[in-house]
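Numbering (our numbering), first residue to last: 439 to 641.
We put the beta carbon where it would ideally sit given N, CA and C, even for glycine.
Structure first, commentary second.
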Amino acid sequence: MRLFYASGSPYARIVRVALRELGLTARVEEVEVTLRDPNSALLPYNPGGKVPALQLDNGTVINESLLVLAYLDTQHAGRKLLPMDGSDGWKALSELGRAYAFLDAVTVWNRELRFGQKAPGVIALERERADRAADALEAALVGGGYAGPLDAAQIVLAAALENFARRHKVWDWRSGRPKLSAFLDRIAARPSFSETIQPEIDL
Ligand SMILES: N[C@@H](CCC(=O)N[C@@H](CS)C(=O)NCC(=O)O)C(=O)O
């Protein structure tokens, strides 16, 4: 298999972390590609031009990080990153959805700053959304959420937080949120995270 990724992408990083946590790296060649580039080597495989994209051995290409995670979970015999049997009352899916929504929301804000019009209305709305979501996540952690053996929800939440720390510094999400802060510091120490650390940008 081949995984197309960009080193700065939090979505691609989620998959790269999962490959390492699931012991699947020997089966997947990681291919770094350029983004927003009409000559990108990615485009023949994913005309939408987004990473991650996973090419299977039969040539099929799966994009969208969540779908790639779902596929990878069929490729190992260990504990599922994405339990689909309701054994935990669907808590894992609930936490995963909330973590993805959090990452998506700050991504809108980040893209407005990097590639958009820097529209004050958009930025104010997204900042407010991000603060609200982060406060709810802090409360979830206080209540015992995002705990237990590493699963997809924890990977996505940690990848989101570290992305903000390294590539969206305009937002001091750590302030007043000690549980979220400690959560990231704990998970970021795992080899799967340190091996896939994103380059920093000044934003
Ligand atoms: N929902 C997608 C988001 C993927 C995404 O937005 N990837 C970004 C990098 S973080 C990208 O490839 N952007 C290139 C572009 O917009 O042309 C997923 O979960 O995989």
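Taking all protein chains shown into account, do 16 or more other C-beta atoms lie within 10 angstroms of the C-beta of residue i, making it buried, or fewer, making it exposed?
| i | result |
| --- | --- |
| residue 436 | Shown here, the chain extends from 439 to 641; a query on residue 436 therefore has no answer. |
| residue 583 | buried |
| residue 456 | buried |
| residue 605 | buried |
| residue 496 | exposed |
| residue 570 | exposed |
| residue 477 | exposed |
Using DSSP bridges, identify the partner residues of residue i.
| i | result |
| --- | --- |
| residue 442 | 469 and 491 |
| residue 500 | 492 |
Out of the options, point me to the one whose CA is closest to residue i's CA.
| i | options | result |
| --- | --- | --- |
| residue 425 | 536, 441 and 465 | It is not possible to answer for residue 425, since the shown part of the chain is limited to 439 through 641. |
| residue 447 | 474, 509, 462 and 461 | 474 |
| residue 439 | 609, 483, 459 and 602 | 483 |
| residue 585 | 530, 610, 494 and 462 | 530 |
Pull up the distance between the alpha-carbon of residue i and that of residue j, whole angstroms please.
| i | j | result |
| --- | --- | --- |
| residue 638 | residue 445 | 10 Å |
| residue 516 | residue 589 | 12 Å |
| residue 554 | residue 464 | 39 Å |
| residue 468 | residue 487 | 16 Å |
| residue 480 | residue 443 | 9 Å |
With three or more C-beta pairs closer than 8 Å as the rule, is the stretch 615-629 touching the stretch 558-571?
no
Evaluate the contact criterion for the stretch 451-465 versus the stretch 499-510: three or more CB pairs, one atom per stretch, below 8 Å.
yes
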